[in-house]
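Q: Right, I'll just put the structure down here and ask away after.
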Amino acid sequence: MNGPEGVRADPPADAPAPPADEQARVEAAARESTARGRFRLPLLEVRNLGLLGVLVLLILAGSFTKPAEFLTYDNVVVILTLASVSGVITVGMTFVIIGGGIDLSVGAIVALATVWATTQATQLYGTGGVIFCALAVGVGCGLVNGLMIAYGRIVAFIMTIAMLASARGLAINISSGHTQTLNADNQTLVNLGYKDNFLFGRIPPLVIMFAAVVVVGWVVLNRTTFGRRTFAIGGNQEAARLAGLNVRMHTLLLYVLSGLCCGVASLMLIVLTASGTSANGNLYELDAIAAVIIGGTLLSGGRGTLVGSVLGVLVFTTINDIFTLNNLTTATQQVAKGVIIVIAVLVQRLVAERRAGADPV
Amino acid sequence: MTRPVRDFGRRGFLLSGSLAGAGALAAACTSNAEPESKDAGTAAATGANAAPGKRVTIGFAGPQADHGWLNAINENAKKEAGKYSDVDLKITEGSNDAAQQASQIQTLINQKVGVLIILPADGKQMTPTGRKAMTAGIPVINLDRVFDTPQAYRTWIGGDNYGMGLNAGNYIAKRLNGKGTVVELAGIDTLPLTQDRTRGFDDALKNYPQIKKVGRAAAEFNVQTGQARMAELLQAHPKFDALWNHDDDQGIGALQAIKQAGRSDFFMVGGAGSKSAMDSIKKDDSVLKATVLYPPTMAASAVRVARLLGQGKAMGDLAEQEIPTSMTLFSAVVTKENVDTYLPLAFE
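Sequence order for the protein chains is D and S. For this note's numbering, count along the first sequence from 1 and bump the result up by 1. For this note's numbering, count along the second sequence from 1 and bump the result up by 1137.
If you want it as structure tokens, here you go:
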């Protein structure tokens, strides 16, 4: 199921199995996936060693250049909080990409969700209204994406670009270019960002949310039928279909999941900024895709790890932080990001090839 | 491309700017000294020039209003045009794409508008289009982001980015009594307007050797990046005395970050003059103590000037027979003392 791309594109010769065998085949496929999953667990860590190394190097660089400020509790909280927003989006993106798709609309969905959730009209319904609207917009956009891609057979790339354009346009229209600020009734939401509301006085609620999303995401991806099917569909859609999986419904669900993650990320942004604007989530799609890719997930689908994606997000957020701490310019930062992406992928590849022989990353 | 070509040297400008900054400060203390504001404008509009004259069709082409200030530009233009019975305003849908904006302006030229107001998405790229209109005999009023050559416009009206930095720097220095540490939260570093604001700020601080700029980050002009970069800056600098933030929109995020970190050891000066910033300055409920104007009313002024150009009139209070070729707005410092004067100019 995870052969080289050229082989994977061809339908397997023995694919059209008799209906009687179908159930057995799915079972077999599932067993094989689980077996692979168990076998891959150490390998997964090996593959992420490169990225972990980059992160450690970054932490060393940060501690070396700003010894008094970098590794403080407050600064780590800042890094983790900022990582939470893009991190949650990246979790959804990891599922979509492993499932063989792509979602370019995440940033625009975040913009639309924050704008919609913070407009005066929705604020009348209080904090519950804000939360509901953010999640509903996320899921709604994901549903449209999924329906059009799975049932309308529009290429994911095209459909999500269309969603990118229209969601951002809609966000600008609804807000008429204004930054919408939350009114006093929604202070409960904003308070989540303040130190006095940290759990046990130490841990920001946003970081807990992020951790919860990662744990749930990891379990779903690695320990459930849904996760196994995601790998199967991303690896070879045709084979998965012939094996009796409802590929369309599954694809639909993947985009809904990505939309839901955008909704959650929007709520985090609202907590952080106490406002919503159409400029939110700018270029989030690129950041999320970059984090997923340097995390070792194949852009062509079928293979990937959630832990890698999360490490990818942490690497990016840590770079940002180190650069700001040292007063370096954005332009330099972009160059560094590019270099680190290439180094991380190279190291990953070398490590994986050495450990696993001819197994390509 | 947001800065006009100036005739006088930077030093001279620096000096005059410092004086102007000091003047603004003096004006701030005497709250009944009313600087040029909406009221002053209405006074001019009730003069001889306000009397209905020849019918003028004005074309307006601006960039996409995806930011509070740009949105205010469009609203100002529309509102002002509505005040005159002899003005027809044709507005094109804003676009950040130079090619699209060029074709929109071509449409306005084809419709034979009398005067064109253009706020280019990119001044350099839109220069040929401005020239084309001028060649076609349509006077162009270039708003804010400057065309490459004076051949492309009849009159330029815009804000003073360098002056913004200068006045912010001078205000901060005075308030700190010439001694302390400052941090700067800039906009988009690749834009000339951000570079000009920073240059003005640095030039102002050069006059105060005991003031050190210890930190700087660029926050891309939006709320979310404002929050992120400010949160990091606050960690980098456990103590400083003043913060200059280039833009009030990203300032919403920056203020949240400051509240989240529970910091109050410094005061903050914003930029542009949004309603939320001015409200906050008036209430005096945060570290935000002042904001430096970059008024979107320039769009309203552009409509007035366009109307006068179309009717072949001169400007009321000047001895000139013709409308001047360039007008640079003053970046006044809005503080608690004078905020009521400027509040009507604030944008949402």
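Note that CB positions come from ideal geometry on N, CA and C, so glycine has one too.
If you pair each beta-carbon of the stretch 1409-1419 of chain S with each one of the stretch 1383-1400 of chain S, do three or more pairs fall below 8 Å?
A: Touching, per the Cβ criterion.
Q: Does D/Ser-279 come out as helix, strand or coil in the three-state DSSP assignment?
A: DSSP places D/Ser-279 in coil when its eight states are reduced to three.
Q: Tell me which residues of the stretch 1368-1381 of chain S have at least one Cβ-Cβ distance to chain D shorter than 9 Å, keeping chain order.
A: Cβ contacts with chain D come from Ala-1368, Glu-1369, Leu-1370, Leu-1371, Gln-1372, Ala-1373, His-1374 and Pro-1375.
Q: Per DSSP, S/Ala-1427 is paired with what?
A: DSSP lists S/Val-1406 and S/Thr-1472 as partners of S/Ala-1427.
Q: Rounded C-beta distance between S/Ile-1348 and S/Val-1319? I'm assuming under 8 Å.
A: Indeed they touch by this definition, with Cβ atoms about 6 Å apart.
Q: Please report the Cβ distance between S/Arg-1366 and D/Thr-325, rounded to the nearest whole angstrom; I am assuming they are in contact, meaning their Cβ atoms lie under 8 Å.
A: Contact flag correct, Cβ pair sits at about 6 Å.
Q: Taking buried to mean at least 16 other C-beta atoms within 10 Å of its own C-beta, is S/Asn-1247 buried or exposed?
A: So S/Asn-1247 ends up on the exposed side.
Q: Using the Cα positions of S/Ala-1129 and D/Val-191, report the straight-line distance between them to the nearest angstrom.
A: Because chain S in this structure spans residues 1138 to 1485, residue 1129 of chain S falls outside the shown range and cannot be described.
Q: Rounded to whole angstroms, what's the CA-CA distance from S/Pro-1346 to S/Asp-1402? Just pull it up for me.
A: Using only the alpha carbons, I get a separation of about 22 Å.
Q: Can you grab the Cα-Cα spacing for the pair S/Asn-1359 / D/Asn-281, in whole Å?
A: When rounded, the distance between both Cα atoms is 7 Å.
Q: I need the straight-line Cα distance from D/Leu-270 to D/Thr-115, nearest angstrom please.
A: Between D/Leu-270 and D/Thr-115, the C-alpha separation is close to 8 Å.
Q: Got a sec: is the Cβ-Cβ distance from S/Gln-1397 to anything in chain D below 8 Å?
A: Output row for S/Gln-1397: interface = yes.
Q: Just the C-alpha distance for S/Gly-1251 and S/Gly-1274, rounded to the nearest angstrom, thanks.
A: Spanning the two alpha carbons is a distance of roughly 9 Å.
Q: For a contact defined as C-beta to C-beta under 7 Å, what are the partners of S/Ser-1413 on chain D?
A: What S/Ser-1413 touches in chain D: Thr-182.
Q: D/Thr-82 and D/Val-208 look like a contact to me (Cβ under 8 Å); what is the Cβ gap, rounded to whole Å?
A: That pair is a contact at about 6 Å.
Q: Are the Cβ atoms of D/Gly-313 and D/Ala-292 separated by less than 8 Å?
A: Going by C-beta atoms, D/Gly-313 is nearer than 8 Å to D/Ala-292.
Q: Can you give me the Cβ contacts of S/Ala-1443 inside the same chain, cut-off strictly under 6 Å, excluding the 5 residues immediately before and after it?
A: Cβ neighbours of S/Ala-1443 beyond the five flanking positions: Ile-1195, Val-1252, Ile-1254 and Ile-1278.
Q: Just the Cα atoms here: how many angstroms apart are S/Gly-1267 and S/Glu-1217?
A: Looking at the two C-alpha atoms, the distance is approximately 23 Å.
Q: Would DSSP call S/Asp-1225 helix, strand or coil?
A: In this structure, S/Asp-1225 counts as strand in the three-state DSSP scheme.
Q: So with CB distances below 7 Å, who are the chain D contacts of S/Asn-1208?
A: Per Cβ cutoff of 7 Å: Ser-177, Gly-178 and His-179.
Q: Cβ of S/Gly-1513 within 8 Å of Cβ of S/Asp-1223?
A: The structure shown does not extend to residue 1513 of chain S, since chain S is modelled only from 1138 through 1485, so no value can be given for it.
Q: Helix or strand or just coil, what does DSSP make of S/Lys-1450?
A: If DSSP states are grouped into helix, strand and coil, S/Lys-1450 belongs with coil.
Q: Look at the alpha carbon of D/Arg-154 and the alpha carbon of D/Val-140, and state the distance between them as a whole number of angstroms.
A: Computed Cα separation, rounded: 20 Å.
Q: Just to confirm, is the Cβ distance from S/Gln-1238 to S/Met-1263 under 8 Å?
A: Their beta carbons are under 8 Å apart, which means S/Gln-1238 touches S/Met-1263 by this criterion.
Q: Between D/Ser-276 and chain S, is the shortest Cβ-Cβ distance under 8 Å, so that the two count as touching?
A: Chain S, which has a Cβ nearer than 8 Å to the Cβ of D/Ser-276, makes this yes.
Q: Name, please, each residue of chain D whose Cβ falls closer than 8 Å to the Cβ of S/His-1204.
A: Residues of chain D passing the Cβ test: Gly-178 and Ala-280.
Q: Could you pull the DSSP bridge partners for S/Ser-1463 from this structure?
A: Beta-bridge pairing links S/Ser-1463 to S/Trp-1293.
Q: Examine chain S for any beta-carbon lying closer than 8 Å to the beta-carbon of D/Thr-66, and answer yes or no.
A: No, D/Thr-66 lies away from the interface with chain S (no Cβ there is under 8 Å from its Cβ).
Q: Excluding the 5 residues flanking D/Phe-158 on each side, which residues of the same chain have their C-beta closer than 8 Å to its C-beta?
A: Counting only Cβ-Cβ distances below 8 Å, and skipping sequence neighbours, we find Ile-103 and Leu-105.
Q: Tell me whether S/Glu-1230 is buried or exposed, calling it buried when 16 or more other Cβ atoms sit within 10 Å of its Cβ.
A: So S/Glu-1230 counts as exposed.
Q: How big is the Cα-Cα spacing for D/Tyr-126 and D/Ala-118?
A: One C-alpha to the other measures close to 10 Å.
Q: Inspect the beta-carbon positions of D/Gly-143 and D/Ser-259 and report whether they are closer than 8 Å.
A: Result yes, Cβ atoms of D/Gly-143 and D/Ser-259 sit closer than 8 Å.
Q: Could you tell me whether the stretch 1350-1357 of chain S touches the stretch 1279-1287 of chain S, using the rule of 3 or more Cβ pairs below 8 Å?
A: Not touching, per the Cβ criterion.
Q: Taking C-alpha atoms, which residue in S/Ala-1427, S/Asn-1208 and S/Gly-1317 lies nearest to S/Asn-1382?
A: Of the listed residues, the one whose Cα sits closest to S/Asn-1382 is S/Ala-1427.
Q: Tell me the residue span of the alpha helix (DSSP H) that contains D/Pro-230.
A: A small fix is needed here, since residue 230 of chain D is Arg in this sequence, not Pro. Run containing D/Arg-230: 226-236, per the alpha helix (DSSP H) assignment.
Q: Under a three-way DSSP split, which group does S/Glu-1321 fall into?
A: In the structure shown, S/Glu-1321 sits in a strand (DSSP, three-state: E or B).
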